[in-house]
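Visitor: Have a look at this one.
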Amino acid sequence: FQGDKVTEETQRFSGGEKARLVLALIVWQRPNLLLLDEPTNHLDLDMRQALTEALIDFEGALVVVSHDRHLIRSTTDDLYLVHDKKVEPFDGDLEDYQQWLSDVQKQENQADDAPKENNANSAQSRKDQKRREAELRTLTQPLRKEITRLEKEMEKLNAQLAQAEEKLGDSSLYDPSRKAEMTECLQLQASAKSGLEECEMAWLEAQEQLEQMMQND
Numbered sequence: 105f106q107g108d109k110v111t112e113e114t115q116r117f118s119g120g121e122k123a124r125l126v127l128a129l130i131v132w133q134r135p136n137l138l139l140l141d142e143p144t145n146h147l148d149l150d151m152r153q154a155l156t157e158a159l160i161d162f163e164g165a166l167v168v169v170s171h172d173r174h175l176i177r178s179t180t181d182d183l184y185l186v187h188d189k190k191v192e193p194f195d196g197d198l199e200d201y202q203q204w205l206s207d208v209q210k211q212e213n214q215a216d217d218a219p220k221e222n223n224a225n226s227a228q229s230r231k232d233q234k235r236r237e238a239e240l241r242t243l244t245q246p247l248r249k250e251i252t253r254l255e256k257e258m259e260k261l262n263a264q265l266a267q268a269e270e271k272l273g274d275s276s277l278y279d280p281s282r283k284a285e286m287t288e289c290l291q292l293q294a295s296a297k298s299g300l301e302e303c304e305m306a307w308l309e310a311q312e313q314l315e316q317m318m319q320n321d
């Protein structure tokens with residue numbers, strides 16, 4: 105914090121400024137254990153990167169709950185899965201977790217489509233079950249559409265990122281005469297990475313919301 109911000113009352117701080125103040129207090133206290141719940145919320149890209157680098161250098165223990173895939177990849181050694189009212193070690197990385205979410209969703213969809221054995225002879229029970237399934241489909245339809253949109257967007261951004269990195273792999277691009285082209289390529293790479301990270305975070309949140317809705321049905 106610089107200038108007038110140093111003496112400003114904290115109640116007027118924005119969400120990002122409050123988060124920065126909390127992080128500054130943590131640094132000052134020098135704890136040996138950090139429990140962080142979505143620590144990058146309200147932070148701009150520069151602050152998120154600064155926080156990530158600080159946590160990488162942190163010599164104590166970290167317990168992090170976050171949808172920030174870059175933060176998790178950079179600062180954690182072990183992943184734990186919170187699912188079905190249990191917390192268990194997760195044997196895999198974030199890509200494996202993404203696949204796990206997709207598999208769970210498929211299994212739940214198959215379970216919804218399977219014949220219901222309980223009260224199978226009851227016409228009213230079957231009617232009620234179909235009504236609940238129809239209501240659930242209607243309720244989850246916007247979320248499913250958003251997941252599909254995000255998957256298409258991630259596919260597009262991955263293609264842009266691959267194209268930019270392929271160009272950056274060409275040594276001739278770093279010739280002084282191609283400086284403008286190189287700068288444009290670096291900007292495209294940074295934009296694709298940032299957009300991809302945001303899409304992945306939104307996709308994970310949407311998948312988890314959908315999973316919770318299916319479980320609560």
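So for the sequence shown, our numbering puts the first residue at 105; every next one is plus one. Cβ coordinates follow ideal geometry from the N, Cα and C atoms, glycine included. Since we're looking at a predicted model, the values are computed, not measured.
Can you check whether the CB of residue 139 is closer than 8 Å to the CB of residue 55?
Guide: Past the edges of the chain, shown from 105 to 321, lies residue 55, and the structure says nothing about it.
Visitor: Rounded to whole angstroms, what's the CA-CA distance from residue 199 to residue 107? Just pull it up for me.
Guide: 44 Å
Visitor: When we look at the beta-carbon of residue 252 and count the other beta-carbons within 10 Å, is it buried (16 or more) or exposed?
Guide: exposed
Visitor: State the start and end residues of the unbroken alpha helix (DSSP H) segment that holds residue 161.
Guide: 149–161
Visitor: Nearest to residue 186 by CA position, among 157, 204 and 149, is which residue?
Guide: Checked all of 157, 204 and 149; the closest Cα to residue 186 is 204.
Visitor: State buried or exposed for residue 114, treating a residue as buried only when at least 16 other CB atoms are found within 10 Å of its CB.
Guide: exposed
Visitor: I need the straight-line Cα distance from residue 189 to residue 319, nearest angstrom please.
Guide: 11 Å
Visitor: Taking Cβ to Cβ, would you say residue 263 is nearer than 8 Å to residue 289?
Guide: no
Visitor: What does the alpha-carbon distance come out to for the pair residue 142 and residue 274?
Guide: 38 Å
Visitor: Quick one, which of 208, 137, 159 and 202 has its alpha-carbon nearest residue 315's?
Guide: 208
Visitor: In terms of residue numbering, what span does the beta strand (DSSP E) encompassing residue 190 cover?
Guide: 190–194
Visitor: Under a three-way DSSP split, which group does residue 72 fall into?
Guide: Summary: the structure shown does not reach residue 72, with the chain confined to residues 105 through 321, and so no result is reported for it.
Visitor: With distance defined between alpha-carbon atoms, name the residue in 293, 254 and 299 nearest to residue 309.
Guide: For residue 309, the nearest C-alpha among the options comes from 254.
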